[in-house]
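Protein chains: 4
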Amino acid sequence: MTDLLNFGKQILASQPFSALLGTELETFEPGKAVLTLAVRDELKQQHGFVHGGVVSYLADNALTYAGGSVLGDSVTSEYKINYARPALGEKLIARATVLSSGKKQAVCQCEVVALNNGEERTVAFAQGTISKVEPKA
Amino acid sequence: MTDLLNFGKQILASQPFSALLGTELETFEPGKAVLTLAVRDELKQQHGFVHGGVVSYLADNALTYAGGSVLGDSVTSEYKINYARPALGEKLIARATVLSSGKKQAVCQCEVVALNNGEERTVAFAQGTISKVEPKA
Amino acid sequence: MTDLLNFGKQILASQPFSALLGTELETFEPGKAVLTLAVRDELKQQHGFVHGGVVSYLADNALTYAGGSVLGDSVTSEYKINYARPALGEKLIARATVLSSGKKQAVCQCEVVALNNGEERTVAFAQGTISKVEPKA
Amino acid sequence: MTDLLNFGKQILASQPFSALLGTELETFEPGKAVLTLAVRDELKQQHGFVHGGVVSYLADNALTYAGGSVLGDSVTSEYKINYARPALGEKLIARATVLSSGKKQAVCQCEVVALNNGEERTVAFAQGTISKVEPKA
Chain A
26 MTDLLNFGKQ ILASQPFSAL LGTELETFEP GKAVLTLAVR DELKQQHGFV HGGVVSYLAD
86 NALTYAGGSV LGDSVTSEYK INYARPALGE KLIARATVLS SGKKQAVCQC EVVALNNGEE
146 RTVAFAQGTI SKVEPKA
Chain B
26 MTDLLNFGKQ ILASQPFSAL LGTELETFEP GKAVLTLAVR DELKQQHGFV HGGVVSYLAD
86 NALTYAGGSV LGDSVTSEYK INYARPALGE KLIARATVLS SGKKQAVCQC EVVALNNGEE
146 RTVAFAQGTI SKVEPKA
Chain C
26 MTDLLNFGKQ ILASQPFSAL LGTELETFEP GKAVLTLAVR DELKQQHGFV HGGVVSYLAD
86 NALTYAGGSV LGDSVTSEYK INYARPALGE KLIARATVLS SGKKQAVCQC EVVALNNGEE
146 RTVAFAQGTI SKVEPKA
Chain D
26 MTDLLNFGKQ ILASQPFSAL LGTELETFEP GKAVLTLAVR DELKQQHGFV HGGVVSYLAD
86 NALTYAGGSV LGDSVTSEYK INYARPALGE KLIARATVLS SGKKQAVCQC EVVALNNGEE
146 RTVAFAQGTI SKVEPKA
């Protein structure tokens with residue numbers, strides 16, 4: 026495991042909400058991040074699909090990681106998400122990449138897929154702005 | 026309690042993820058919905074703020090309720106969210122309204138505020154498209 | 026006319042593209058901006074409606090003005106727009122306000138209406154991030 | 026030239042606003058569209074860059090074409106755009122692709138680059154929803 030991936034895993038482990046959901050960081054390298062989340066009943070909505078808010082959380086977090094991979098300590102300033110289809114399956118995978126980056130901000134995109142019986146289907150696409158957290162003087 | 030509010034509360038109660046988080050429906054009337062969420066440590070990120078994914082989930086769900094108040098059974102097709110400041114406090118309140126609606130879709134907006142020692146501060150603004158779920162033939 | 030409005034009009038006049046389209050600044054005060062645009066055939070698409078790109082341009086520019094009213098010299102970093110209905114009529118009016126602002130950025134929203142035979146109908150809603158342009162050292 | 030490309034060019038020619046700006050359709054095939062626009066002074070803002078509204082118009086139109094390539098007669102329902110850097114150069118190129126599509130809607134993305142002395146630099150990224158126009162009964 027690279028130092029960067031290890032560092033990323035530590036940050037994720039320090040997010041109580043990510044621990045509550047069970048998110049895992051699979052890839053974390055310059056310009057790229059992949060988060061995965063095992064689907065369980067608690068994460069669903071009334072029709073048996075994964076709740077959109079879970080999909081959105083995962084995309085948001087993957088965007089932050091992707092941006093953070095080139096900016097350092099970062100937050101998501103804003104993003105938009107298009108839901109392509111209901112999320113059904115045993116696992117969600119959010120793959121985010123940096124589209125463009127400067128010193129203070131990066132524009133990132135993310136695709137969220139659901140793994141259902143070994144087959145991947147895209148469930149959402151996100152795009153947003155990640156901003157470097159400026160250290161306080 | 027109105028029938029509509031009661032109906033909305035039943036739907037929320039049938040969402041396992043909303044139950045996991047503890048979301049409550051405070052207002053649900055034509056063109057308007059208000060969701061609240063008591064903040065607890067499990068919902069935070071590594072710096073002690075409410076995780077952005079929680080804010081985003083609440084906005085997304087409030088948008089769906091607002092749209093659903095005029096369309097009937099609905100889903101969020103897409104939305105964008107701008108985080109205005111870190112969410113700190115004891116409670117989140119997401120107030121969503123319908124900006125425009127047709128037969129099949131509504132454009133809705135949402136403001137999320139954090140209640141901190143009795144004072145409200147806006148933490149995020151969202152805007153998105155809510156789509157009516159067509160009954161299957 | 027206030028000094029601020031006069032200043033805003035000068036900036037608009039110095040934008041060749043805004044001059045090409047015929048945009049006018051009607052209101053420019055702290056936290057608020059209103060742009061108007063007389064509709065003519067050149068601004069339309071193939072079905073006789075105002076081209077979406079014109080609506081979007083006007084929203085984008087109004088967002089920048091709203092943000093600039095509190096930040097100073099500014100640019101639009103990003104925005105999203107929802108088209109509510111086709112734009113038909115003799116005039117477009119874009120009304121933008123600041124939702125939240127810090128030292129470097131503001132989150133703004135904008136409603137675009139079309140004036141058709143004296144009646145206003147909303148044609149689009151936008152929300153975005155306006156960023157202060159940092160003077161070069 | 027393919028029939029589809031020829032058809033797309035006819036539509037573009039029938040948009041007065043696109044004719045005013047000088048937009049050209051370079052590629053139009055299932056799932057993909059490329060629009061180009063020669064930069065001239067009339068399309069600029071006060072600092073000598075191409076006006077953001079022009080970049081946004083081009084992205085919007087390319088998104089519509091990409092969606093239309095799989096849906097037929099279509100409109101942009103909504104989109105968001107992130108400006109990556111000021112647009113400088115002699116030509117803009119907007120490349121749009123379909124990320125996901127159903128019977129009535131497609132989610133598309135677009136990258137806008139500026140060609141400056143033969144070198145391409147990305148100036149914006151957009152993502153949005155394209156909706157099929159239902160023929161009237």
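Protein chains in written order, with the numbering used here: chain A, 26 to 162; chain B, 26 to 162; chain C, 26 to 162; chain D, 26 to 162. We put the beta carbon where it would ideally sit given N, CA and C, even for glycine.
Exercise for review: Taking all protein chains shown into account, decide if F65/D is buried (16 or more other Cβ within 10 angstroms of its Cβ) or exposed.
Suggested key: Per the sequence shown, residue 65/D should be read as Arg rather than Phe. That one is exposed.
Compile a chain-ordered list of the residues in the region 97-122 of chain A whose CB is closer than 9 angstroms to at least one CB of chain B.
V100, T101, S102, E103, Y104, K105, I106, N107, Y108, P111
**Prompt:** For S156/B, which of L68/B, G47/B, N86/B has the nearest alpha-carbon?
**Reply:** Minimum Cα distance to S156/B is reached at N86/B.
Quiz item: Taking DSSP as the reference, what is the three-state secondary structure of S39/C?
Solution: coil
Contact set between T147/D and chain B, taken where Cβ atoms lie within less than 8 angstroms: Going along chain B, no residue has its Cβ under 8 angstroms from T147/D, so there is no contact; the nearest lies around 20 angstroms.
Mind checking if I36/B is an interface residue toward chain A, Cβ cutoff 8 angstroms exclusive? yes
Of the listed residues E67/C, S94/C, Q71/C, G127/C, nearest to K34/C (C-alpha basis): S94/C
Is the CB of T89/D under 8 angstroms away from at least one CB in chain B? At a cut-off of 8 angstroms between beta-carbon atoms, T89/D makes no contact with chain B.
Q) Would F168/C be called buried (16 or more neighbouring beta carbons within 10 Å of its own) or exposed? A) Because chain C in this structure spans residues 26 to 162, residue 168/C falls outside the shown range and cannot be described.
With a threshold of 6 angstroms on Cβ separation, who are the neighbours of T27/D within its own chain once the five nearest residues in sequence on each side are excluded?
none
_Cβ neighbours of I106/B in the same chain (closer than 6 angstroms, five flanking residues each side left out)_ = S81, A84, A149, A151
Note to self: Measuring straight from C-alpha to C-alpha, what distance separates L30/B and G47/A?
What the structure shows: Each residue's CA atom was taken as its position, placing L30/B and G47/A some 32 angstroms apart.
**Asked** What does F150/B touch in chain C if you count any residue whose Cβ is under 9 angstroms from its own?
**Response** L124, S125, V132, Q134, Q152
Assess contact between the region 113-131 of chain D and the region 54-61 of chain D, defined as three or more Cβ pairs (one per stretch) separated by less than 8 angstroms. Is contact present? yes
For this session: In the DSSP assignment, find the alpha helix (DSSP H) that holds G77/A and state where it starts and stops.
Result: For G77/A, the enclosing alpha helix (DSSP H) has its first and last residue at 77-96.
Roughly how many whole angstroms lie between the Cα atoms of S99/A and F32/D?
Straight-line Cα distance between these residues: approximately 46 angstroms.
*Alpha carbon to alpha carbon, what distance is there between E115/D and N142/D?*
7 angstroms
Worksheet item: Are V123/C and C133/C close, meaning C-beta to C-beta below 8 angstroms?
Response: Going by beta carbons, V123/C and C133/C fall inside the 8 angstroms limit.
I'd like to confirm the pairing. Which residues does DSSP put opposite E144/B in its beta bridges? N141/B
- Query: Based on Cα-Cα distance, which residue from K57/D, S43/D, R110/D lies nearest to V158/C?
  - Reply: R110/D
Closer than 8 angstroms to chain D by CB, E51/C: no
Exercise for review: Give the secondary structure of L113/C by DSSP, where H, G and I count as helix, E and B as strand, and everything else as coil.
Suggested key: coil
Alpha carbon to alpha carbon, what distance is there between S102/C and T101/A? 14 angstroms
Start and end residues, beta strand (DSSP E) containing L50/A: 48-54
Quick check: the Cα distance between L37/D and T147/D, rounded to an integer number of angstroms?
Roughly 24 angstroms separates the two Cα atoms.
Query - Distance, G78/B Cα to L50/A Cα - result: 16 angstroms
Practice problem: Give me the Cα-Cα distance between A131/C and L96/C, rounded to the nearest whole angstrom. | Solution: 8 angstroms
query: How about F42/C and L140/D: are their beta carbons less than 8 angstroms apart?
result: no
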